[in-house]
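Chains as they are written, first to last, in the working numbering: chain A, 1 to 326; chain B, 1001 to 1326. Ideal Cβ placement from N, Cα and C applies to all residues, glycine included. Keep in mind it's a predicted model, so treat the numbers as computed, not measured. Here is the structure we will look at.
Encoded structure:
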């Protein structure tokens, strides 16, 4: 299986690493908007090409993994490249998934290609667990907690505050809320009761710490609805202790069964990730295998994790899977 | 969707309760080896029939759920009824799944029916989580812990000991082992290090407690390889505190990503179940929906949870699922 990577940021590099762990796959080429001369990749056997050259690789790449951002890149790129390749993306703007699906589906169907969108862990593995748990326990309550982990969007928001030189934001689930859910108490939780936010901020020379803290804590949408803690630290400390991109979270469903709903059950799925982009990439690469196989069967159009039978993700044969994992 | 239940024990009753929670399904009939006059079911609109009458229901039942035991019932029943109906079973003898699959597949293919085998939580949801986690993290280590829950097989073993009037056995995961796995320590765990066994025993009048305890603790296969605790209690206490059938457990995969395998990740799936048979039944009923849909598409043959795209389990449409759960 020959894989292409379009866009070589954190996610693209993660995909490159994940391909190395899957012996039935090979990285063919990385496509970049930058000057290829300036882009150094890790895989010696793969080429670095200009994004404009992608079309020439039409018959040499089985699946193109599109590693752009959801805000502006993917809504354009995924439909565009689905005309040329089987593609996988990690589009994560939940509210806009239906329109993204429609655009990608039209392009992929016309070209006879398979396109998998919104692959990763949320959307992705978390979505799958919501679906399975809801199908099994139709009467119940869903909970999703994120963290402890770095939120890129909230870190960016901190960095836009005047007087801030650099910063990182951690989203943290409230332990007592998580415990209440696990105990089957089915609490109704406000935004504030579910997560806290912790910020590590490096100030510009001469900036007013109190003013910066106040501005962060009252920022609408991002922080105002949460209990937020702000720590001021040195640039060295930020680099030393906060340069990783950990994340994770919990999907829980608490439900009842029995003629009189007399029995309670809890389904919990948890991720604890050292590297958010590398884990997302690992999910994407497993689904690239599925895209390849579906295309080999003659299927086409846009699909999501909901549409893919689990066996398609594994390098093992159905017989091996039944004998070893069932 | 009209459902039949073959066998009306704990599992059959659980299926009946689960059908009530799924508005697109209806229980048509329960088939029993007992005298139908003596079997009282909960659903007023459904019939109770002799198992020998099942064939007459060929065109009135969309999916037959076979609620027999794995030791002797299912190896005969599932291939037999797959000739007449789309079927779902919960065959759970892991080592014999390949041969069961082959027998059921031949029967179902010849009849043009869909047969789903080994549906439940282990095999079933635990298997799915092993597969997903292995596909995402090819380099890693798997762990499955069961409990805290009642093991039917071990409870039966206790009751066969001379001097024992009644008894219940709980399988309990060792907390320190679970913590080590969660911390990414990738421990190699012996049988004894993973689970303990706790027994609640009611003695026959005049039985020798010390002898019974010794016999239980040294029983090969069942208890000898575990740290086992035996509590002697009264019949009333057993009835009052130990008449439930709770169970559950944990599937974990600890793995690494990155060019130099520098990042660790943990995927954990946990079930905490008040009623083992009712939860198993709830999984089965969701997969009955999938069996019905696959059959409507003209598919046939034996399938497992690995072969079923998640969307088939849900009563919601693909559009609704994408908009609400992705």
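query, result
"Could one say the Cβ of residue 249 of chain A lies closer than 8 Å to chain B's Cβ atoms, at least one of them?", "no"
"Tell me whether residue 173 of chain A sits in a helix, a strand or coil according to DSSP, three-state version.", "strand"
"Which bits of chain B does residue 269 of chain A rub up against, with CB to CB less than 9 Å?", "1129, 1267, 1268, 1269 and 1270"
"Below 6 Å CB to CB, which residues in the same chain sit around residue 1054 of chain B once its five sequence neighbours on both sides are set aside?", "1031"
"Considering only C-alpha positions, which residue in the set A:280, A:257 and A:286 is nearest to residue 1285 of chain B?", "A:257"
"Are the C-beta of residue 135 of chain A and some C-beta of chain B separated by less than 8 Å?", "yes"
"Buried or exposed, going by whether 16 or more other CB atoms sit within 10 Å of the CB of residue 1021 of chain B?", "buried"
"Quick check: what's the CA-CA separation for residue 180 of chain A versus residue 35 of chain A?", "53 Å"
"Look up residue 1275 of chain B in the DSSP assignment and give the residues it is bridged to.", "B:1245"
"Going by beta-carbon coordinates alone, are residue 391 of chain A and residue 172 of chain A separated by less than 8 Å?", "Because chain A is modelled from 1 through 326, residue 391 of chain A falls outside the range shown and cannot be assessed."
"Provide the residue(s) that pair with residue 1026 of chain B in DSSP beta bridges, ordered along the chain.", "B:1002"
"Are the C-beta atoms of residue 1057 of chain B and some chain A residue less than 8 Å apart?", "no"
"Taking all protein chains shown into account, decide if residue 1262 of chain B is buried (16 or more other Cβ within 10 angstroms of its Cβ) or exposed.", "exposed"
"For residue 1274 of chain B, return the contacting residues in chain A, with the cut-off set at a CB-CB distance below 7 Å.", "263, 264 and 265"
"Going by alpha carbons, who is nearest to residue 1304 of chain B out of B:1090, B:1157, B:1016 and B:1134?", "B:1090"
"Considering residue 1037 of chain B, what are the terminal residues of the alpha helix (DSSP H) in which it resides?", "Looking at the DSSP string, residue 1037 of chain B is not in any alpha helix (DSSP H), and its letter there is neither H nor E."
"How far does the alpha helix (DSSP H) with residue 1086 of chain B in it extend, from its first residue to its last?", "Run containing residue 1086 of chain B: none in the alpha helix (DSSP H); it sits in the beta strand (DSSP E), 1086-1089."
"So what's residue 214 of chain A in DSSP terms, helix, strand or just coil?", "helix"
"Whole angstroms is fine: what's the gap from residue 1027 of chain B's alpha carbon to residue 1189 of chain B's?", "45 Å"
"Considering only C-alpha positions, which residue in the set A:290, A:197, A:12 and A:96 is nearest to residue 223 of chain A?", "A:197"
"Residue 1202 of chain B and residue 1231 of chain B look like a contact to me (Cβ under 8 Å); what is the Cβ gap, rounded to whole Å?", "Going by Cβ atoms, the distance from residue 1202 of chain B to residue 1231 of chain B rounds to 10 Å, so no, they are not a contact pair."
"Answer with yes or no whether the minimum CB distance from residue 313 of chain A to chain B is below 8 Å.", "yes"
"At the level of alpha carbons, what is the spacing between residue 107 of chain A and residue 1178 of chain B?", "47 Å"
"Pick helix, strand or coil for residue 1207 of chain B, following the three-state DSSP scheme.", "coil"
"Could you check if residue 327 of chain A is buried or exposed, using at least 16 other CB atoms within 10 Å of its CB as the buried criterion?", "Given a span of 1 to 326 for chain A in the structure shown, any question on residue 327 of chain A remains unanswerable."
"Is there contact here, the segment 80-90 of chain A with the segment 58-67 of chain A, by at least three beta-carbon pairs under 8 Å?", "yes"
"Could you name the residues that DSSP lists as bridge partners for residue 1050 of chain B?", "B:1032"
"Nearest to residue 103 of chain A by CA position, among A:128, A:77, A:122 and A:127, is which residue?", "A:77"
"Which two residues bound the contiguous alpha helix (DSSP H) that contains residue 1306 of chain B?", "Segment: none, residue 1306 of chain B is in no alpha helix (DSSP H) and carries neither H nor E."
"Suppose you measure from the CA of residue 185 of chain A to the CA of residue 71 of chain A; what does that come to, to the nearest Å?", "37 Å"
"In chain A, which residues lie less than 8 Å from residue 1322 of chain B when you measure between Cβ atoms?", "97, 98, 101, 304 and 306"
"Does the beta carbon of residue 84 of chain A sit closer than 8 Å to a beta carbon anywhere in chain B?", "no"
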